Amino acid sequence: MADFHDPYDDELEPVTLRGTKRRARNLEMLEAPTEGDDLNRICALQPMNDFGNAQRLVLRFGDSLMFVENIGWFAWDGSRWDREGGHSGALKFSFRIGQEITAEAKALRERPGRVSAERIDRLFSWSVQSGNYGRAQAMLSSASSFLSQPVDALDAHTFLIAAPNGTIELSSHCELRESRREDRITRCLGVKFSTKASCPLFKKFLARIIPDEEMRDFVQRIFGYCLTGSTREHKLFLFYGTGRNGKSTLINIIRSVMGDYAMGAPVATFLAKREGSSGGEASPDLARLPGARMVTTAEPPEGGRLDESKVKEITGGDSMTVRHLNQGFFEFTPTFKAIIATNHRPTIRGTDHGIWSRINLIPFTVQIPEDEIDRDLERKLAEEREGILQWMLTGAEDWFSGGLRPPEKAIAAVEAYRADEDPVGEFLKARIQLTGDDVDPCTGRRFEVSAKDLRMRYKTWCEEEGLDALPTKAFGSRLVARGLERRKTNGLTWYVGMMFNARA
Numbered sequence: 001m002a003d004f005h006d007p008y009d010d011e012l013e014p015v016t017l018r019g020t021k022r023r024a025r026n027l028e029m030l031e032a033p034t035e036g037d038d039l040n041r042i043c044a045l046q047p048m049n050d051f052g053n054a055q056r057l058v059l060r061f062g063d064s065l066m067f068v069e070n071i072g073w074f075a076w077d078g079s080r081w082d083r084e085g086g087h088s089g090a091l092k093f094s095f096r097i098g099q100e101i102t103a104e105a106k107a108l109r110e111r112p113g114r115v116s117a118e119r120i121d122r123l124f125s126w127s128v129q130s131g132n133y134g135r136a137q138a139m140l141s142s143a144s145s146f147l148s149q150p151v152d153a154l155d156a157h158t159f160l161i162a163a164p165n166g167t168i169e170l171s172s173h174c175e176l177r178e179s180r181r182e183d184r185i186t187r188c189l190g191v192k193f194s195t196k197a198s199c200p201l202f203k204k205f206l207a208r209i210i211p212d213e214e215m216r217d218f219v220q221r222i223f224g225y226c227l228t229g230s231t232r233e234h235k236l237f238l239f240y241g242t243g244r245n246g247k248s249t250l251i252n253i254i255r256s257v258m259g260d261y262a263m264g265a266p267v268a269t270f271l272a273k274r275e276g277s278s279g280g281e282a283s284p285d286l287a288r289l290p291g292a293r294m295v296t297t298a299e300p301p302e303g304g305r306l307d308e309s310k311v312k313e314i315t316g317g318d319s320m321t322v323r324h325l326n327q328g329f330f331e332f333t334p335t336f337k338a339i340i341a342t343n344h345r346p347t348i349r350g351t352d353h354g355i356w357s358r359i360n361l362i363p364f365t366v367q368i369p370e371d372e373i374d375r376d377l378e379r380k381l382a383e384e385r386e387g388i389l390q391w392m393l394t395g396a397e398d399w400f401s402g403g404l405r406p407p408e409k410a411i412a413a414v415e416a417y418r419a420d421e422d423p424v425g426e427f428l429k430a431r432i433q434l435t436g437d438d439v440d441p442c443t444g445r446r447f448e449v450s451a452k453d454l455r456m457r458y459k460t461w462c463e464e465e466g467l468d469a470l471p472t473k474a475f476g477s478r479l480v481a482r483g484l485e486r487r488k489t490n491g492l493t494w495y496v497g498m499m500f501n502a503r504a
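Numbering (the UniProt record's numbering), first residue to last: 1 to 504.
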């Protein structure tokens, strides 16, 4: 996190009148300054109460403070609007007001006849009171309405990303420009932008853990896409493979490069919740994610099931309603891409295109031998972080030119995953012949099989394949979900338009 920038530090610009009269016009109940008044005299004309101090705060430091309802204060640190240090930064500014009121009193005393000596004395006394913590908090409370911004004004520029040395405009040709307050960017990369930087060790490491060049290029586009605030691909990324394959090291170094833009979330955020969870519960795991661009999770438990509706909501590009603990609800539109690194593929019950179209599976098939493991690798890779950012920006440029473009191996991995998650579909392919409207010559009716026989054949097939059979009700639901026709006659259930094949 970048250090908070105190405007009184010698290396920073001193407070000037830039924008003071504009802000003065925007404040209610503010005495109009006369021509020639400097900032001290303008502020000295404000009331000696919390509201007047709030006006002073806005006039002096309004360009460096911002308040967002149900989130809190943000302070400008030179690169972005800082949330973590926002409240302490706002307090720091508010405590300065007491000292500035002393300067206001001195400015009035140097201009006799404008105000009474009694008011000047009261102003000196008010400067002491204004340095109290309670006054500082009251000042911030009063100033919040003047400096308020809606949450959707934050990080609203999808293709801008802040670095410590400027703001990067993301496109098919990424460029660096100066940081601007009006962009209202609240996060910052962990490294500077430098076109001279390179990352030879990182590329060697990547080639070792992902030997296939097309897959490496795909991963580069994924991480380039993660730099953007776009979610138009509507994807959840699963980095899948057994241990010692480098995927955790890869994600850790990318997180380090992305700085504030990378966040961790409990894996439970993406897994199905227990029954009875309330829709009104706090969602602090999501409430801290506005502005994030990449979210990673810990390893899900074996057998953990994806919350498919949550995945669709997070990847869908629509706004979400969330809240912090003990705070009000607010809406935000996710800009982050979720990556789950796992040794176990999470269970996906849905068979519809809506969920499977959102899954990108990146297999990590190489297992590094124990004697090849470099325990110091992450530190060495950290020395190339500026170069890794350039590698990611190249991936972003490639993504702008043509999207993610998953290679055939990635597509096949998802298809295999889907087949594994749909044993009912595999059973039907292996043991059932769909006959449509064809008529059974023996009965004169369409071909059909009894639910009891179908269930028995399914259980036998599962035993042969080493799979756990679904419960009867779940099995029937899966069949109906696949569009199979079911009818009941004399208390018996039949599935119409099918027959057992020779292998059944």
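For glycine and all other residues, C-beta sits at the position ideal for the given N, C-alpha and C.
Quantities reported herein were computed from a predicted structural model and do not represent experimental measurements.
Going by DSSP in three states, residue i sits in which element: helix, strand or coil?
| i | result |
| --- | --- |
| P334 | coil |
| G166 | strand |
| Q46 | coil |
| T195 | coil |
| Q367 | coil |
| G276 | For G276, the predicted model reports a pLDDT of 47, less than 50, meaning its position is unreliable; a value from the coordinates is still stated below. Of the three classes helix, strand and coil, the one that applies to G276 here is coil, per DSSP. |
| D82 | strand |
| A265 | strand |
| F500 | strand |
| R41 | helix |
| A469 | coil |
| I359 | strand |
| F237 | strand |
| I161 | strand |
Measuring straight from C-alpha to C-alpha, what distance separates residue i and residue j?
| i | j | result |
| --- | --- | --- |
| L176 | P301 | 42 Å |
| N49 | I168 | 43 Å |
| P150 | E299 | 35 Å |
| P407 | L236 | 16 Å |
| A32 | D155 | For A32, the predicted structure reports a pLDDT of 43, less than 50, and the residue's modelled location is therefore unreliable. The matter cannot be settled from this model. |
| K106 | N132 | 21 Å |
| T328 | N70 | The sequence given here has Gly at residue 328, not Thr. Their backbone Cα atoms lie some 6 Å apart in a straight line. |
| P290 | F400 | 23 Å |
| I97 | I185 | 26 Å |
| E313 | S130 | 47 Å |
| D422 | P369 | 34 Å |
| P346 | A410 | 17 Å |
| P47 | S194 | 49 Å |
| S125 | A44 | 13 Å |
| Y225 | F364 | 20 Å |
| H344 | S357 | 20 Å |
| K204 | D371 | 18 Å |
| K247 | I209 | 8 Å |
| R135 | R83 | 22 Å |
| A502 | I355 | 34 Å |
| I348 | R305 | 6 Å |
| S127 | E118 | 14 Å |
| V311 | T489 | 40 Å |
Would you mind giving the Cβ-Cβ distance between residue i and residue j, rounded to the nearest angstrom? I have them listed as a contact below 8 Å.
| i | j | result |
| --- | --- | --- |
| I362 | F239 | 5 Å |
| N165 | K192 | 4 Å |
| P266 | V366 | Contact flag wrong, Cβ pair sits at about 29 Å. |
| Y458 | A451 | 10 Å between Cβ atoms; not a contact. |
| R385 | G190 | 7 Å |
| D183 | T333 | Between T333 and D183 the Cβ distance is about 17 Å, and since that is not below 8 Å, they are no contact. |
| V424 | Y495 | Actually they are not in contact, since the Cβ atoms of V424 and Y495 sit about 12 Å apart, beyond 8 Å. |
| A382 | S256 | 6 Å |
| D307 | A272 | 5 Å |
| F67 | S148 | 5 Å |
Considering only residues of the same chain and omitting the five flanking positions on each side of residue i, which have a CB-CB separation below 6 Å?
| i | result |
| --- | --- |
| residue 564 | As shown, the chain starts at 1 and ends at 504. That puts residue 564 outside it, with no answer to give. |
| Q99 | none |
| E233 | L404 |
| I88 | It should be pointed out that residue 88 corresponds to Ser in this sequence rather than to Ile. Counting only Cβ-Cβ distances below 6 Å, and skipping sequence neighbours, we find nothing. |
| A138 | D50 |
| V414 | I359 and L361 |
| F93 | F61 |
Kindly list the residues whose CB is nearer than 7 Å to the CB of residue i, restricted to its own chain and excluding five residues on each side of it in sequence; keep chain order.
| i | result |
| --- | --- |
| H353 | none |
| A90 | L65, W73, A75 and L140 |
Measuring CB to CB, does residue i end up less than 9 Å from residue j?
| i | j | result |
| --- | --- | --- |
| I254 | I373 | no |
| D437 | R446 | yes |
| S230 | T335 | yes |
| L170 | A338 | no |
| L108 | R56 | no |
| V480 | R486 | yes |
| S179 | R80 | yes |
| I340 | F270 | yes |
| T228 | A262 | no |
So, for residue i: in the same chain, excluding its five sequence neighbours on each side, which residues have a beta-carbon less than 8 Å away from its beta-carbon?
| i | result |
| --- | --- |
| F330 | E69, N70, I71, V151, A287, T321, V322 and R323 |
| L206 | R216, V219 and L250 |
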